[in-house]
Each structure stands twice: as structure tokens, then as C-alpha cells.
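The sequence shown: position 93 = 97 (the numbering used here), numbered continuously.
What follows is a short report on a single structure.
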Amino acid sequence: MNFSSAKKIIPNFFTAMNMALGFYSVVETTNGNYKFAAWLIVFAAVSDALDGMFARITNTSSKLGVELDSLADVISFGLAPAFLFWKIYLYQFEYVGLLIAVIFLVSGGYRLARFNTQLVGFDKNYFSGLPIPMAAMTVSSFVVLFVNNGEVPSIYSQMIIPLLLLLSALMVSRIKYDTLPKPTLKSIKEKPFEIVFLLISVIGAYMTDGKAIFYIFIFVILFGIFRQLINSLQNKLK
């Protein structure tokens, strides 16, 4: 094995970890360990971020890596959260509940397929449509925050179906969502608001033992919608 081939192992390892954690989440959901299953999806998202970071650092980004990453994402951020919510709540609506879970899964798969077909280069400034890891992290943080002893209090359970349908619609939409800023001086100068918000979010999540994560994601999601509406209105007024 030469050095060039060895470098590819690092990002591919994290991609494999992403896939494995997604599968493990499904297993734990089956066992009724819903909060742990939700945390496994969060850990899968961390692995997903690390595989991209190391691919750029080692300059080993490739079309094969993109396809493998998408397969892992379908499992960890499509199947795992859809199955998690079906087991927690949607099962009681029988085929309607199953349909809602499938809509989330298929929307995520479509989002990934569209991303791959439109990918030009491996650096990007924004996403077209809500990224599937963000959608999965939103529903996972909901479970961490609101599910207790395998049950969702009725006041919060009413949020589940609208939340899943909203996330599904946003994944297949064309609404722009910013990518995470890179840890460089250039990125700090170009995206000071994003850097400050990211730091505040990390501190807030730490101080609340992760409970703030759900509200942070909701803010980001709504911000993207409102920004799109404002831009559309400005374009019409020109």
C-alpha cells in the first residue's frame, strides 16, 4: 500500500463509522433504547463531518467517496431517524404513520441524489435544500429533549408529524442553507455572523447538556426560510 492509498483510509474510516452508527441506531431503536438511538445519530453526524474534513485535509476527495458517503447518510440520517420516530409515535397511525416515515426517508434520499448530480468540485458555500444530516439532527435532538421513558408527552407529540413533513419538504426544496464556516482567517472575515453563532451554539449546547441543540436547529431552519422569503420579495420589488 502506497502513501496515497493510505491517506484515503482516514476519511473512508469515518464514512464507515457513520454507516455503522446508523445501523446501530436502528438496532437500539428496535430494543426500545430511543434516547441512545438518537445520540447514535448525532455521533454519526460527527463522523460524517469528520470524513469530509479529513478528505479535504488529505486532498483525497473523490466521486467514490461522495457516493459512499451518500449511502452512509441514507442509513444514518434517513432510515435511522424515520424508523426511530415510527417506533416512538407514528406506529399508532398504522399505514398513515408508515407513509410519513417513508416520506422523510425518500425525501432525504432524493436530497442526496440531487446533491450528487449537481456537485461541481468538492468545496461549496451553500446547500440547495436542507441537508439531510441537519434534518436528522433536528429530529434526534427532539428525542433527546422531549422523550422520557420511551414516551412523548402529548403536548410535544403534536409537533412530530408537522416537524417531519416540514423537514421533508425543506430537504427537497431549493432553499439555500449555508455550509459550516471553515476554521480559517478568510472564512472568519467572510462569515463573522456564522462564526459567532456557531460559538454561541456550542457554548449553549454545553451549558444545557445538549438540550439547546433542538432549538438551535429550529432557529437555523426558520432563518433559512425567512431569508428565502425576504430575498424573493426583494427580487419582486426590483
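Think of the CB as a built atom: it goes at the ideal place given N, C-alpha and C, for glycine as much as any other residue.
Keep in mind that this is a model prediction, so the values were computed, not measured.
Of the listed residues the options, nearest to residue i (C-alpha basis)
i      : options                           : result
Glu71  : Phe87, Gln122 and Trp43           : Gln122
Leu171 : Phe150, Pro196, Thr142 and Asn153 : Thr142
Asp52  : Asn37, Ile220 and Leu25           : Leu25
Ala84  : Asn22, Val100, Gly69 and Ser65    : Asn22
Ile13  : Asn35, Leu68, Ile220 and Val31    : Leu68
Phe17  : Val50, Phe230 and Val30           : Val50
Leu75  : Val110, Arg60, Val31 and Leu94    : Val110
Ala20  : Asn153, Leu94 and Ile79           : Ile79
Ser66  : Pro15, Val100, Leu94 and Gly101   : Pro15
Counterpart residues of residue i in DSSP-defined beta bridges
i      : result
Ser132 : Lys180
Glu155 : Asn152
Test item: CB-CB of residue i and residue j under 9 Å
i      : j      : result
Met163 : Leu134 : no
Asp73  : Gly56  : yes
Gly228 : Ile179 : yes
Ile92  : Gly112 : no
Tyr28  : Leu54  : no
Phe119 : Ala86  : no
Leu88  : Ala41  : yes
Phe81  : Ala117 : no
Phe218 : Ser161 : no
Gly208 : Ile225 : no
Phe131 : Thr183 : yes
Pairwise C-alpha distance: residue j and residue i
i      : j      : result
Ala139 : Leu202 : 17 Å
Ala173 : Thr62  : 35 Å
Leu149 : Ser158 : 14 Å
Phe126 : Phe58  : Reliability of the predicted coordinates at Phe126 is poor, the pLDDT of 48 falling under 50, and the value obtained from them is presented with this limitation in mind. Taking the straight line joining both Cα atoms gives about 13 Å.
Tyr46  : Asn239 : The displayed chain sequence assigns Val, not Tyr, to residue 46. Distance between the alpha carbons of Val46 and Asn239: 38 Å.
Gln96  : Leu167 : 17 Å
Phe223 : Lys39  : 22 Å
Thr33  : Val147 : 12 Å
Val151 : Asn37  : 11 Å
Tyr181 : Arg115 : 13 Å
Glu98  : Val106 : 12 Å
Trp90  : Glu155 : 12 Å
Pro196 : Val30  : 38 Å
Leu233 : Asp213 : 33 Å
* Ignoring anything shorter than 4 residues or poking outside the stretch 42-94, list the alpha helix (DSSP H) runs there in chain order. => With a minimum length of 4 residues, the continuous alpha helix (DSSP H) runs that stay inside the stretch 42-94 are 67-77 and 84-92.
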